[in-house]
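In the working numbering, the protein residues as written are 5 to 462.
Built from N, CA and C at the ideal position, the CB exists for glycine as well.
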């Protein structure tokens with residue numbers, strides 16, 4: 005989809021024929037010029053305006069909205085009253101009427117006053133980026149936990165939108181008789197009701213967090229480490245999750261195709277087990293209230309032993325997406341530069357031709373050992389073995405390797421070792437099994453006491 009550009013001189017393609025003209029998506033992006041203080045962000049992955057607009061249109065389509073037009077509206081400055089300049093506001097009126105638009109999506113964060121003023125000018129419902137993402141999350145949430153988290157974020161957003169723009173928010177009459185003074189305004193009543201509901205949801209989410217802590221403690225007793233997938237939405241996390249765990253989690257070429265977290269067992273190359281967690285995808289300008297609301301879910305990431313940062317390396321804005329994800333990780337208190345804990349996965353290498361793939365492999369090979377990256381294709385399986393080996397190595401860094409000898413008839417002991425340790429090697433010597441196992445620090449002493457194990461020399 006080619007965006008229409010209102011910056012003058014650019015091509016202005018007509019709407020696709022047959023479109024019902026229901027939704028207008030506007031990209032009101034501020035120009036970044038040399039010498040501008042904001043220009044320093046270029047080095048950190050400034051997003052391409054056309055790609056930003058296409059993403060906004062994709063967000064609208066993700067909730068089955070029909071996008072009639074997607075237009076760029078470059079800004080030199082942001083107007084406090086309407087965000088856009090007066091000329092741009094009037095220019096959009098013609099598009100809204102021509103396409104019979106009743107919803108306008110502004111790909112930015114609007115203040116309540118800006119939203120109200122634009123709705124009056126355009127005589128159409130206006131939704132900003134935060135509101136649109138909340139709508140998508142509301143559609144995608146399936147579990148009770150996900151629904152609660154979305155509702156909490158939505159209520160916090162809605163509370164800030166209670167401006168006096170509708171008749172039902174006018175002041176109610178208070179007191180007794182005809183001379184009663186002004187009572188509580190409808191705005192205040194609505195805020196109080198929303199506040200009460202927020203308190204109830206937060207209380208329920210505390211129970212969810214407590215339950216997650218119990219589950220996490222249970223996994224720690226059985227030495228299953230947690231590996232968490234994070235990444236920009238549509239980077240291929242769910243496809244990679246299915247490839248690694250042989251699961252059937254929904255994976256679609258759609259923004260926020262999956263929302264509720266999923267945990268599955270991950271089998272490592274030497275037979276060890278870990279838990280793989282697929283979390284909600286991140287996105288640029290992810291509303292802070294959503295990060296806060298989903299903290300119970302994102303605790304799986306915070307507590308994970310290894311974090312896989314999955315990147316769509318074929319995307320034109322791959323670098324900007326990387327910095328967006330790292331920004332959210334920092335909000336969660338995770339240092340993206342922690343190479344020992346975070347592994348970067350360059351997904352979708354199957355989209356490159358032979359020359360492009362060879363260049364990508366050379367770049368990956370030259371990366372610092374402290375910040376390695378793993379080119380993979382979750383679709384074809386290329387590179388998955390190397391990734392699994394790296395995950396195993398990282399998990400093994402905090403474990404100890406022991407050698408032991410056990411009688412072949414000791415079925416209970418052999419079973420215990422298979423349940424509580426990674427069996428790296430097992431072979432028969434003089435009627436006994438010589439075994440090399442890797443155990444968590446918490447199981448080290450009991451393994452030594454139970455089987456006379458000694459630190460491995462291999």
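Which of the three DSSP states, helix, strand or coil, is assigned to residue i?
i, result
"residue 108", "strand"
"residue 345", "coil"
"residue 359", "helix"
"residue 422", "helix"
"residue 274", "coil"
"residue 460", "coil"
"residue 405", "strand"
"residue 202", "helix"
"residue 444", "strand"
"residue 331", "helix"
"residue 237", "coil"
"residue 495", "Residue 495 is absent from the structure shown; the chain starts at 5 and stops at 462."
"residue 389", "helix"
"residue 74", "strand"
"residue 321", "coil"
"residue 397", "helix"
"residue 434", "coil"
"residue 209", "helix"
"residue 384", "coil"
"residue 337", "coil"
"residue 267", "strand"
"residue 352", "coil"
"residue 232", "strand"
"residue 449", "helix"
"residue 454", "helix"
"residue 91", "helix"
"residue 35", "coil"
"residue 316", "strand"
"residue 84", "coil"
"residue 194", "helix"
"residue 464", "This structure leaves residue 464 out entirely; the chain is present only between 5 and 462."
"residue 67", "coil"
"residue 379", "strand"
"residue 290", "coil"
Would you say residue i and residue j are within 8 Å of each other, going by their C-beta atoms?
i, j, result
"residue 332", "residue 313", "no"
"residue 469", "residue 27", "In the structure displayed, the chain extends from 5 to 462; residue 469 sits before or after that span and is not available."
"residue 443", "residue 383", "no"
"residue 53", "residue 79", "no"
"residue 345", "residue 311", "yes"
"residue 428", "residue 440", "yes"
"residue 105", "residue 61", "no"
"residue 294", "residue 141", "yes"
"residue 249", "residue 280", "yes"
"residue 144", "residue 113", "no"
"residue 129", "residue 99", "no"
"residue 82", "residue 124", "no"
"residue 247", "residue 353", "no"
"residue 111", "residue 240", "no"
"residue 406", "residue 459", "yes"
"residue 3", "residue 229", "Here the chain covers residues 5 to 462 and nothing more, so residue 3 does not appear."
"residue 215", "residue 286", "no"
"residue 266", "residue 282", "yes"
"residue 396", "residue 274", "yes"
"residue 516", "residue 163", "Because the chain here runs from 5 to 462, residue 516 falls outside it and cannot be looked at."
"residue 326", "residue 315", "yes"
Round the Cβ separation of residue i and residue j to the nearest angstrom and send it over; I've been treating them as touching at under 8 Å.
i, j, result
"residue 380", "residue 386", "6 Å"
"residue 137", "residue 63", "7 Å"
"residue 231", "residue 309", "7 Å"
"residue 455", "residue 408", "4 Å"
"residue 51", "residue 324", "4 Å"
"residue 152", "residue 205", "5 Å"
"residue 435", "residue 412", "6 Å"
"residue 212", "residue 149", "5 Å"
"residue 276", "residue 306", "Their Cβ separation, rounded to whole angstroms, is 23 Å, which puts residue 276 and residue 306 out of contact at 8 Å."
"residue 451", "residue 425", "7 Å"
"residue 377", "residue 371", "5 Å"
"residue 55", "residue 320", "6 Å"
Note to self: Could you check whether the region 265-272 touches the region 338-352, counting it as contact only if at least three pairs of C-beta atoms, one from each stretch, sit closer than 8 Å?
What the structure shows: no
Check: Can you list the alpha helix (DSSP H) stretches of 4 or more residues lying completely in the region 126-168, in chain order?
Finding: 133-144, 148-163
Margin query: Does the structure place the region 144-157 close enough to the region 197-209 that three or more beta carbon pairs sit under 8 Å?
Written below: yes
Check: Would you call the region 101-120 and the region 83-93 in contact, with 3 or more CB pairs under 8 Å?
Finding: yes
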